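Student:
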Amino acid sequence: MPRISAIHRHPVKALGSEALARVALEAGRTLPGDRVWALAHEKSRFDFDAPAWARCSTFLRGATFPSLMAVTAEGAPGGPITFRHPDLADLTVDPGTPEGEAAFVAWADALIPAGMPRPSRLAHAPGRGMTDQPAQWISILSDASLAVVAEAAGRPMDRRRFRGNLWVEDLAPWEETGWIGRELRLGGCLVKITEPIGRCSATHADPETGKRDVEMLSLLTSLGQAENFGVFAEVIEGGEIALGDAVVVTEAAA
Numbered sequence: 004m005p006r007i008s009a010i011h012r013h014p015v016k017a018l019g020s021e022a023l024a025r026v027a028l029e030a031g032r033t034l035p036g037d038r039v040w041a042l043a044h045e046k047s048r049f050d051f052d053a054p055a056w057a058r059c060s061t062f063l064r065g066a067t068f069p070s071l072m073a074v075t076a077e078g079a080p081g082g083p084i085t086f087r088h089p090d091l092a093d094l095t096v097d098p099g100t101p102e103g104e105a106a107f108v109a110w111a112d113a114l115i116p117a118g119m120p121r122p123s124r125l126a127h128a129p130g131r132g133m134t135d136q137p138a139q140w141i142s143i144l145s146d147a148s149l150a151v152v153a154e155a156a157g158r159p160m161d162r163r164r165f166r167g168n169l170w171v172e173d174l175a176p177w178e179e180t181g182w183i184g185r186e187l188r189l190g191g192c193l194v195k196i197t198e199p200i201g202r203c204s205a206t207h208a209d210p211e212t213g214k215r216d217v218e219m220l221s222l223l224t225s226l227g228q229a230e231n232f233g234v235f236a237e238v239i240e241g242g243e244i245a246l247g248d249a250v251v252v253t254e255a256a257a
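Going by this note's numbering, the sequence shown opens with residue 4, and the numbers climb by one from there.
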């Protein structure tokens, strides 16, 4: 029986993955606490007076700065979060406060090479996460598919490389690619699988070191996945999910 093997959220887009034991999903929303903030740079056109979802190019991201991929986070939405990176001292702040925002921006600045646009402010869109797509979806990924990628790469693959929300064990490799248009029962939730997740060069970086070590897009293409890994899902019925919850595929949605 397929089961949820990991739950991750990312408080600041591209800067830090946090493992959870359980979370309550809401219908039509991103995972709570996921991509609550995104780090705008000094040339960003984000409208802080009328904040709304914006494209990932508006913000600093791992595709451009692989060092960001090595950030981890631990805390709770609406309170202090501890950020860690192998090259920096730990930082514990509440990004939702002016003082916390300023401290985080200064901390992250050390991860951006000289001569590049500097971090400026934390962007926030009320009521949603700053995900890569405008639709408020969650992401679901497969441990078995990750194992195939690791074998092809000739090295272990950390889940954090793919910035997914939910990981599922006990599937056949690439089984999740056949879920498009179908519904899944996850613990107390019902979700509909919407489309595959197209990947970017952020996946080239090792989340332990923040250094590029795999040409992931070429590797996925060689495995017949057309640069895709994982699937997006819309939460149809909200409820709590936890590690070990069964994942049950229902009939195709009407």
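Here a beta-carbon is modelled for each residue, glycine too, at the ideal position from N, C-alpha and C.
Because the structure is a prediction, the values reported are computed rather than measured.
#1: What number of angstroms, rounded off, separates the C-alpha of Gly184 from the C-alpha of Phe235?
#2: Work out the CA separation of Asp135 and Ala17 for me, nearest whole Å.
#3: DSSP three-state label for Phe68, please.
#4: Could you work out which residue in Val74, Met160, Asn168 is closest to Gly112 when comparing CA atoms only?
#5: Which same chain residues, not among the five before or five after Leu149, have their C-beta less than 6 angstroms away from its C-beta?
#6: How is His207 classed by DSSP in three states: helix, strand or coil?
#7: Ala256 by DSSP, collapsed to three states: which one?
#8: Look at the alpha carbon of Val251 and the alpha carbon of Trp40, and state the distance between them as a whole number of angstroms.
#9: Would the segment 213-224 and the segment 119-139 be scored as touching if the rule is three or more Cβ pairs under 8 angstroms?
#10: On the CB-based measure, 16 or more other CB atoms within 10 Å of its CB, does Ala257 come out buried or exposed?
#11: Whole angstroms is fine: what's the gap from Glu237's alpha carbon to Gly78's?
#12: Run through the DSSP bridge pairs and tell me what Val15 is partnered with.
#13: Count the other CB atoms within 10 Å of the CB of Thr206; is the residue buried (16 or more) or exposed (fewer)?
#14: Going by the CB atoms, is the gap between Ala175 and Ala153 shorter than 9 angstroms?
#15: Give the range of the alpha helix (DSSP H) segment to which Trp110 is assigned.
#16: With 16 other CB atoms within 10 Å as the buried threshold, where does Glu179 fall?
#17: Under 8 angstroms: do the segment 202-219 and the segment 84-91 share three or more Cβ pairs, one atom per stretch?
#18: Which residues does DSSP list as the beta-bridge partners of Asn231?
#19: Identify, in the order they occur along the chain, each residue of the same chain with its Cβ nearer than 6 angstroms to the Cβ of Met4, setting aside the five sequence neighbours on each side.
#20: On the CB-based measure, 16 or more other CB atoms within 10 Å of its CB, does Ala208 come out buried or exposed?
#21: Are the CB atoms of Val194 and Leu23 nearer to each other than 9 angstroms?
Tutor: Well, looking at it:
#1: In the sequence shown, residue 184 corresponds to position 181, counting from 1. In the sequence shown, residue 235 corresponds to position 232, counting from 1. Straight across, the Cα-Cα distance linking Gly184 with Phe235 is about 11 angstroms.
#2: Position 14 of the sequence shown holds residue 17. Position 132 of the sequence shown holds residue 135. So the two alpha carbons sit approximately 10 angstroms from each other.
#3: The sequence position of residue 68 within the sequence shown is 65, counting from 1. DSSP places Phe68 in coil when its eight states are reduced to three.
#4: Indexing the sequence shown from 1 puts residue 112 at position 109. The question names Gly, but residue 112 is Asp in the sequence shown. Of Val74, Met160, Asn168, the residue nearest in Cα terms is Val74.
#5: Stepping through the sequence shown from its first residue, residue 149 is reached at position 146. Excluding sequence neighbours, Leu149 sits near Met160.
#6: Here residue 207 corresponds to residue number 204 of the sequence shown, with the count starting at 1. Of the three classes helix, strand and coil, the one that applies to His207 here is helix, per DSSP.
#7: In the sequence shown, the residue the question calls residue 256 occupies position 253. Because Ala256 carries a pLDDT of 48, less than 50, the predicted location of this residue cannot be relied on, and the following value inherits that uncertainty. In the three-state scheme derived from DSSP, where H, G and I count as helix and E and B as strand, Ala256 is classed as coil.
#8: Taking the sequence shown and counting its residues from 1, the one referred to as residue 251 is at position 248. Taking the sequence shown and counting its residues from 1, the one referred to as residue 40 is at position 37. Here the alpha carbon of Val251 sits roughly 32 angstroms from the alpha carbon of Trp40.
#9: The segment 213-224 is not in contact with the segment 119-139.
#10: Indexing the sequence shown from 1 puts residue 257 at position 254. At Ala257 the pLDDT is 49, less than 50, meaning the model places this residue with poor confidence and gives no usable figure here.
#11: Sequence index remark: in the sequence shown, residue 237 carries index 234 (1-based). Sequence index remark: in the sequence shown, residue 78 carries index 75 (1-based). Cα to Cα, the separation comes out at about 25 angstroms.
#12: If you number the sequence shown from 1, residue 15 lands on position 12. In the DSSP output, where bridge partners are listed per residue, Val15 has Trp40.
#13: Counting from 1 along the sequence shown, the entry for residue 206 is found at position 203. It counts as buried.
#14: Here residue 153 corresponds to residue number 150 of the sequence shown, with the count starting at 1. Here residue 175 corresponds to residue number 172 of the sequence shown, with the count starting at 1. Taking 9 angstroms as the cut-off, the beta carbon of Ala153 is found no closer than this to the beta carbon of Ala175.
#15: Residue 110 sits at position 107 when you count from the first residue of the sequence shown. In the DSSP annotation of this structure, the continuous segment of the alpha helix (DSSP H) that includes Trp110 starts and ends at 101-112.
#16: Taking the sequence shown and counting its residues from 1, one reaches residue 179 at position 176. Classification for Glu179: buried.
#17: Output reads yes: the segment 84-91 touches the segment 202-219.
#18: On the sequence shown, residue 231 is found 228 positions in, with the first residue counted as 1. Gly201.
#19: Translated into positions along the sequence shown, residue 4 becomes position 1. Counting only Cβ-Cβ distances below 6 angstroms, and skipping sequence neighbours, we find Ala249.
#20: In the sequence shown, residue 208 corresponds to position 205, counting from 1. So Ala208 ends up on the buried side.
#21: The residue given as residue 194 occupies position 191 in the sequence shown. The residue given as residue 23 occupies position 20 in the sequence shown. With a cutoff of 9 angstroms on beta-carbon distance, Val194 and Leu23 are scored as not near each other.
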